[in-house]
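The sequence shown begins at 6 in the working numbering and counts up one residue at a time. Reading through the structure tokens given below for one structure.
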Amino acid sequence: MKRLSLALAGAASAVFLMGTSVAAPPEQPTAQEGATYVYRVPAPLGQKAQDLLARGFDVLEQRDGDDLFVLGSKTTHTDLANAGFAGRVESVMAPPSAEQKTRGSGVTETYYGGYRTVKAHHAHLDQVAFRYAGLAKVVDYGDSWRKTQGAGGYDLKAVCLTRRAPGDCKLTPNAPKPRMVVSGQIHAREITTGDMAWRWIDHLTQGYGKDPEVTALLDTTEVWVIPIANPDGVQIVQSGGDSPKLQRKNANHTNGPKDCPTTQDPNAQIGIDVNRNFDAQWGDNGTSSDPCHQVYRGPSPDSEVETKALEKLFRSLFKDTRGPAVTDPADPKTRGMVVTMHAALNVVLLPWGYTTTPSPNDGPLRAMAKDMAQLAGPEWQYGQPGELLYTAGGSIDDWVYGELGVPHYTWEIGNWEGECTGFLPAYSCQDGHWAEVRPMLTYAAKKAANPYGG
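As structure tokens, this is what we get:
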């Protein structure tokens, strides 16, 4: 595998916002501020890589040959050594700046140079539905954890985009049109993905009737967009303003301490990794049982309201076309496509994610992944997670494909080399990301009608 060197750009916070009480506004325990370190850790594909994840380190979705990269504090070097890993400092991220601001209001509310807040994303959906009533319908598909606890929180929202006709945008798998679903920020700190979702919505609604490709697509296909799949987590990220907090997980602190950041591990955080909580090989490799670890899988599969809401939504949008056995292929006539956007590695990942064994539909899944990577550019790669990074259970990838037979892809957008790197690239970098992502989104939407049929 070619070298993808690591260079984190921009100042970022090493602090994580901490828990909430059930009946009162969120509490903010004392946070530990300071530099965040990135360690290069020898961990070849296979058991060594899985051992590193099992220890609960914040392993970045990044590999350079036999090396993985770990986000941590100054003391993480000792923790790695105690666990039997020879980590060395690759780079250091500066402590948070004193200036922390959110600018604007409503649909114009932004942080960190232009990234939209949860409030802005939801206002944007409502604005689009009003301006393009013949194309757009907003769907509330559940509540975030904090909202279920009466501690703030948000609705879970999606928008259905199509030239609307009777029977369109209904929560039934017997839809007249094929469906493509794309979601952003299931891992809250991966802020590029929310911006890509915003741009995709605008590209389709503003292009209809003007761009022949967009018009043909919305005439024949339902495109569903979930711009923020983990809004409680994103609220924690945006609360840092110009120094976004690196929150990965949701805000559910009830399975562990309410103030996971400690002197021993200031980079630990509350919450459950929604993308390790799905009932698909839950508890397998690449997860942790420690509530403060970044890949904490939760107390049980589907324990999280965000997870259950997504599963319910997908079941209402797609027919189940796979048998119960792991070796059962999806029906060749399956319709649909699901893409979950992450950051940052410039790869297209396909099922299975929990093992390196190919899925029963590996041929067409891999062919589509290759097409997507080639559309994005020469720096992009494709393959199963275990071929490029490591294996992990409980992911949305394996649930969507495993339960429903619908193709699911994870796109890791961006990389760790150059100026526009890491979880927190300058907002000006998003034009470049969009140039790569837009053709992939268009391709995926077109494939929804007959993904396995060539």
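Where is the CB? At the ideal position from N, CA and C, for every residue including glycine. Keep in mind the model is a prediction, meaning the values are calculated, not measured.
Checklist entry - Along the chain, where does the alpha helix (DSSP H) that runs through I241 open and close? => result Taking the first residue of the sequence shown as 1, we reach residue 241 at position 236. Per DSSP, I241 belongs to the alpha helix (DSSP H) from 236 to 243.
Next on the checklist: Taking only three categories from DSSP, how would you classify A449?
Outcome noted: As a working mapping, residue 449 is identified with position 444 in the sequence shown. Helix, per DSSP.
Next on the checklist: Assuming contact is defined by CB atoms lying nearer than 7 Å, are L350 and A374 in contact in what I supplied?
Outcome noted: As a working note, residue 350 is residue 345 in the sequence shown. As a working note, residue 374 is residue 369 in the sequence shown. No, the Cβ-Cβ distance between L350 and A374 is not below 7 Å.
Item to check | CA nearest to the CA of K53, picked from A454, R151, Y395, G427 | outcome: Here residue 53 is taken as the residue at index 48 of the sequence shown, counted from 1. Of the listed residues, the one whose Cα sits closest to K53 is Y395.
Checklist entry - For L394, is the beta carbon positioned less than 6 Å from some heavy atom of the ligand PLP? => result Within the structure as shown, the ligand PLP is missing, as the structure has no ligands at all.
Checklist entry - Considering only C-alpha positions, which residue in the set A335, P412, Y359 is nearest to L370? => result The residue labelled residue 370 in the question sits at position 365 within the sequence shown. Ranking A335, P412, Y359 by Cα distance to L370 puts P412 first.
Item to check | Selection from R194, K162, A372 that minimises the alpha carbon distance to V187 | outcome: To locate residue 187, count along the sequence shown from 1; it is residue 182. When only C-alpha atoms are compared, the closest one is K162.
Checklist entry - What are the residues that DSSP puts in a beta bridge with C165? => result For the purposes of this step, residue 165 is taken as residue 160 along the sequence shown, with counting starting at 1. For C165, which the question treats as bridged, DSSP gives the partners K142, W229.
Next on the checklist: Judging by CA-CA distance, which residue of A314, K313, Q274 is the nearest neighbour of Q299?
Outcome noted: As a position in the sequence shown, residue 299 is number 294, starting the count at 1. Of the candidates A314, K313, Q274, the one whose C-alpha sits nearest the C-alpha of Q299 is Q274.
Next on the checklist: Just to confirm, is the Cβ distance from A314 to G147 under 7 Å?
Outcome noted: Position 309 of the sequence shown, counted from the first residue, corresponds to residue 314. Position 142 of the sequence shown, counted from the first residue, corresponds to residue 147. Yes, the Cβ-Cβ distance between A314 and G147 is below 7 Å.
Checklist entry - Anyone know if the C-beta pair for V123 and V239 falls short of 7 Å? => result Residue numbering aside, residue 123 sits at position 118 when the sequence shown is read from its first letter. Residue numbering aside, residue 239 sits at position 234 when the sequence shown is read from its first letter. Cβ distance < 7 Å, so V123 and V239 count as in contact.
Item to check | Helix, strand or coil at R443 according to DSSP, with G and I counted as helix | outcome: Locating residue 443 in the sequence shown gives position 438, where the first residue counts as 1. It is helical.
Next on the checklist: Can you tell me whether L354 is helix, strand or coil according to DSSP?
Outcome noted: Stepping through the sequence shown from its first residue, residue 354 is reached at position 349. Per DSSP, reduced to three states, the secondary structure at L354 is strand.
Item to check | Residue range of the beta strand (DSSP E) that includes P47 | outcome: As a position in the sequence shown, residue 47 is number 42, starting the count at 1. Looking at the DSSP string, the run of the beta strand (DSSP E) that includes P47 is 41 to 47.
Checklist entry - Secondary structure at E422, three-state DSSP: helix, strand or coil? => result To locate residue 422, count along the sequence shown from 1; it is residue 417. E422 falls in the coil class under three-state DSSP.
Next on the checklist: Strictly by DSSP, which residues pair up with F467?
Outcome noted: Lying before the first or after the last residue shown, residue 467 is absent from the chain, which here runs from 6 to 459.
Next on the checklist: Can you find the residues in the same chain that come closer than 6 Å, C-beta to C-beta, to L222, ignoring five residues on each side of it along the sequence?
Outcome noted: For the purposes of this step, residue 222 is identified with residue 217 of the sequence shown, where counting begins at 1. Hits under 6 Å: A450.
Item to check | Under 7 Å between C-beta atoms of P296 and G261 | outcome: The residue labelled residue 296 in the question sits at position 291 within the sequence shown. The residue labelled residue 261 in the question sits at position 256 within the sequence shown. Contact: yes.
Item to check | D5 to P329 span [Cα, whole Å] | outcome: Nothing about residue 5 can be read from this structure; the chain reaches only from 6 to 459.
Checklist entry - From what residue to what residue does the alpha helix (DSSP H) around H129 run? => result Reading the sequence shown from its first residue, position 124 is the one you call residue 129. Here the alpha helix (DSSP H) through H129 covers 123 to 136.
Item to check | Coarse secondary structure for Q190, derived from DSSP in three states | outcome: In the sequence shown, the residue the question calls residue 190 occupies position 185. In the three-state reduction of the DSSP assignment, Q190 falls in the coil class.
Checklist entry - For the alpha helix (DSSP H) that V310 lies in, which residues bound it at each end? => result Start at 1 with the first residue of the sequence shown, and residue 310 comes out as number 305. Where V310 is concerned, the enclosing alpha helix (DSSP H) stretches over 310 to 322.
Checklist entry - Since Q67 is in the beta strand (DSSP E), which residue starts that stretch and which ends it? => result Locating residue 67 in the sequence shown gives position 62, counting from the first residue. Unbroken beta strand (DSSP E) run through Q67: 63 to 69.
Checklist entry - Can the beta-carbon of R194 be found closer than 7 Å to that of R253? => result The residue you call residue 194 lines up with position 189 of the sequence shown. The residue you call residue 253 lines up with position 248 of the sequence shown. In this structure, R253 lies closer than 7 Å to R194 by Cβ.
Next on the checklist: Using the Cβ count rule (16 or more neighbours within 10 Å means buried), how would you classify E424?
Outcome noted: Start at 1 with the first residue of the sequence shown, and residue 424 comes out as number 419. Exposed, because fewer than 16 other Cβ atoms sit within 10 Å of the Cβ of E424.
Next on the checklist: Judging by CA-CA distance, which residue of G407, T362, L429 is the nearest neighbour of W421?
Outcome noted: Reading the sequence shown from its first residue, position 416 is the one you call residue 421. For W421, the closest of G407, T362, L429 by C-alpha to C-alpha distance is L429.
Next on the checklist: Going by DSSP, what residue range makes up the beta strand (DSSP E) through T415?
Outcome noted: Stepping through the sequence shown from its first residue, residue 415 is reached at position 410. Unbroken beta strand (DSSP E) run through T415: 413 to 417.
Next on the checklist: Does N87 pass the burial test, meaning 16 or more other C-beta atoms within 10 Å, or should it be called exposed?
Outcome noted: Residue numbering aside, residue 87 sits at position 82 when the sequence shown is read from its first letter. So N87 counts as exposed.
Checklist entry - Is D148 helix, strand or coil by DSSP? => result One-based indexing of the sequence shown puts residue 148 at position 143. In the structure shown, D148 sits in a strand (DSSP, three-state: E or B).
Item to check | Cross-strand partners of M342 (DSSP beta bridge) | outcome: Against the sequence shown, residue 342 aligns to sequence position 337. Paired residues: M185.
Checklist entry - When the Cα atoms are used, what is the spatial distance from S321 to R184? => result Position 316 of the sequence shown, counting from 1, holds the residue named residue 321. Position 179 of the sequence shown, counting from 1, holds the residue named residue 184. Near 11 Å, if we compare the C-alpha coordinates of R184 and S321.
Checklist entry - Does the beta carbon of Q274 sit closer than 7 Å to a beta carbon anywhere in chain B? => result Protein chain content of the structure displayed is limited to a single chain, and chain B is not contained in it.
Item to check | Contact set for H126: own chain, Cβ-Cβ below 6 Å, skip 5 residues either direction | outcome: What you label residue 126 is simply residue 121 of the sequence shown in a count that begins at 1. Hits under 6 Å: P232, I233.
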